Amino acid sequence: MQSRVIMLVDLDYFFAQAEELRNPSIRDKPVVVCVYSGRTETSGAVSTANYLARKFGVKSGMPIVQAKRRLRDAEPVFLPVDYGYYETVSEKIMNLLRAHADQFEQVGIDEAYLDVTQRTKADYEDAAALAQDIRKETVARQGLTCSIGLGPNKLVAKMAADINKPDGLTIVKPHEVAAFLAAMPVDRLIGVGSKTKERMQKLGITTIGELANYDVQRLLDAFGRKLGLYFHNASAGADDEPVQQRGEAESISRIATLKEDTCELGPILERAEVECEEVHADLIRGGFGFRTVTIIAVAKDMSVHSRSRSLDYSSDRLDVLKDTVREILTHLLAECDLEIRRVGVKVSGLAKRSEAQKRLTSFIEERSNQSDKKQAYI
DNA sequence: GTATGCTTTCGGC
DNA sequence: TTACGGCCGAAAGCATAC
């Protein structure tokens, strides 16, 4: 493949910035967007905070109470998350970005890759000018700042965008890639988590540069062909993943905090069934069937336990979902004897259902209603 | 042996 | 001192198939 020019656009502190957008009077205050669990006045966690709040050490995932204490004397603004609003804002921005790309790939609610090779004739000066135009445009048209990374592939573009935040632009030209990566700690590389970091450390690898220079055969021996090869290439900044329009969702889930911790099946199941209904509604709205059902249970001590079951057919039926959830939840509770704090339901292995499948299902459902018997769709 | 798929856990936002 | 969300995709770890 000829040299590409790839851009990663990342909306800055997105939820909090969106809140600043609809209420500019909070701009010069610490803004903390929170998920309230509803259990007590302040129980819940921080989703995102603006940079002023971050100066006080407030971070994503932090308990709300802790953030409150850190911001005690700073006139903070605490707001509940409003996903619907953020989605509306995101959609407008994504439409604006899409118009500047040869190929476009949205990742999550606040990030997108743009392949701009053709429209810049693979020229980094052109690409830099385009990136600046995009930054001006998101501010002028939607009132939001973003950070942009520019590089020869998705991997480098993504890592570049992290360098200058917020409201920054970082360009890594092909001949600069090796130097850009070499000194970084190895766990900054996408795909290297804490476990892999530990294993690499034992091999004497602590930086991305060391990983790039490590003997390929030894790497393959240690991590297997697929992963070893990926580490070898990625550490050298080589990545040929195409920028391509994402398919539909891979999973749909709901999770919620119970009113109080309990080990009784009744109240847990009651909550899980509501979640099944919500997940199912999303599923039908998207026209999907599911193959895998997962339940997630968070215990009193915050330990996370999950169990899943894959069906050998695709279904879009609420009763199948509820029955499966009841069964694996019952198993988990019997097996673990936990006091549960939160419970969640997830479906995955999603498949778009054809008209023929939908007709078949409604036919079977009609028939099963008539005979008053439950029947699985295959 | 390696590839593939399934289940569980992790981590980003 | 503790405190503690919801949702997603990726990583890890294992089992089975070829």
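Residue numbers (my numbering): 659 to 1036.
Note that the Cβ used here is the ideal one computed from N, Cα and C, for glycine as well.
Only a predicted model underlies this, so the values are computations on that prediction, with no experimental measurement involved.
Span of the beta strand (DSSP E), counted from its first residue to its last, around residue i
i       : result
Lys687  : Segment: none, Lys687 is in no beta strand (DSSP E) and carries neither H nor E.
Asp970  : 962-973
Arg1000 : 998-1006
Leu827  : 827-829
Ile953  : 946-957
Neighbourhood of residue i by C-beta, 6 angstroms cutoff - its chain only, sequence neighbours within 5 removed
i      : result
Ile821 : Thr828
Ala725 : Val690, Val704, Val716
Ile722 : Cys692, Thr700, Gly702
Phe672 : Asp768
Glu783 : none
Lys853 : none
Arg965 : Ile953, Ile986, Leu990
Sequence-distant residues of its chain with Cβ nearer than 7 angstroms to residue i (five each side left out)
i      : result
Pro832 : Ser661, Pro810
Pro738 : Cys692, Tyr694
Tyr743 : Ala676
Asp995 : Cys921
Ser911 : Val937, Gly1002, Val1003, Lys1004
Ala770 : Val667, Met752, Leu755, Phe762, Glu763, Gln764
Val797 : Thr803
Ile942 : Asp974
Residues of its chain near residue i, where Cβ-Cβ distance is below 8 angstroms and the 5 sequence neighbours each way are ignored
i      : result
Leu976 : Cys934, Glu935, His938
Met858 : Val844, Val850, Thr864, Leu869
Glu678 : Ile684, Arg685, Val689, Asn708
Leu729 : Pro688, Val690, Ala711, Phe714, Val716
Ala840 : Thr865, Ile866, Gly867, Ala870
Gly886 : Val874, Leu877, Leu878, Asp879, Ala880
Pro900 : Gln761, Asp773
Cα-Cα separation between residue i and residue j, rounded to whole angstroms
i       : j       : result
Lys750  : Thr920  : 43 angstroms
Ala957  : Val951  : 20 angstroms
Lys823  : Asp740  : 24 angstroms
Tyr971  : Lys1004 : 17 angstroms
Leu987  : Ser973  : 19 angstroms
Thr982  : Ser961  : 23 angstroms
Gln790  : Ile866  : 29 angstroms
Val663  : Asp898  : 12 angstroms
Gly826  : Ala930  : 43 angstroms
Gln1033 : Val978  : Here the model assigns Gln1033 a pLDDT of 34, short of 50, so the residue's position is not dependable, and the following value carries that caveat. Cα-Cα distance, rounded: 9 angstroms.
Asp731  : Thr698  : 23 angstroms
Ala880  : Ala896  : 20 angstroms
Met665  : Glu733  : 37 angstroms
Ala914  : Thr775  : 44 angstroms
Phe948  : Leu990  : 21 angstroms
Lys884  : Ala894  : 16 angstroms
Arg1000 : Ala787  : 48 angstroms
Leu669  : Glu997  : 39 angstroms
Ala818  : Leu847  : 12 angstroms
Leu877  : Gly807  : 29 angstroms
Ile622  : Ala780  : Any answer about residue 622 is impossible in this case: the structure gives the chain only from 659 up to 1036.
Asn681  : Ser909  : 33 angstroms
Thr706  : Glu745  : 15 angstroms
Arg727  : Gln902  : 44 angstroms
Leu969  : Ser1006 : 11 angstroms
In DSSP terms, what residue i is bridged to
i       : result
Pro843  : Thr865
Met1100 : An answer regarding residue 1100 cannot be provided, because it is not within the stretch 659 to 1036 covered by the chain.
Tyr694  : Gly702
Ala707  : Val690
Pro721  : Ala703
For residue i, the first and last residue of its enclosing alpha helix (DSSP H)
i      : result
Phe762 : It is not in any alpha helix (DSSP H) - Phe762 instead sits in the beta strand (DSSP E) that spans 761-765.
Asp976 : Sequence check: residue 976 is Leu here, not Asp. It spans 976-994 - the alpha helix (DSSP H) in which Leu976 sits, taken as one unbroken run.
Ile821 : Where Ile821 is concerned, there is no enclosing alpha helix (DSSP H), given that its DSSP letter is neither H nor E.
Ile792 : 782-795
Phe714 : Looking at the DSSP string, Phe714 is not in any alpha helix (DSSP H), and its letter there is neither H nor E.
Val850 : Counting along the chain, Val850 falls outside any alpha helix (DSSP H), and DSSP gives it neither H nor E.
Worksheet item: Which ranges would you report for the beta strand (DSSP E) in the stretch 724-759 if only whole runs of at least 3 residues count?
Response: 735-738
Item to complete: Note down, one range per segment and in chain order, each beta strand (DSSP E) of at least 3 residues found wholly within the stretch 891-935.
Response: 909-920
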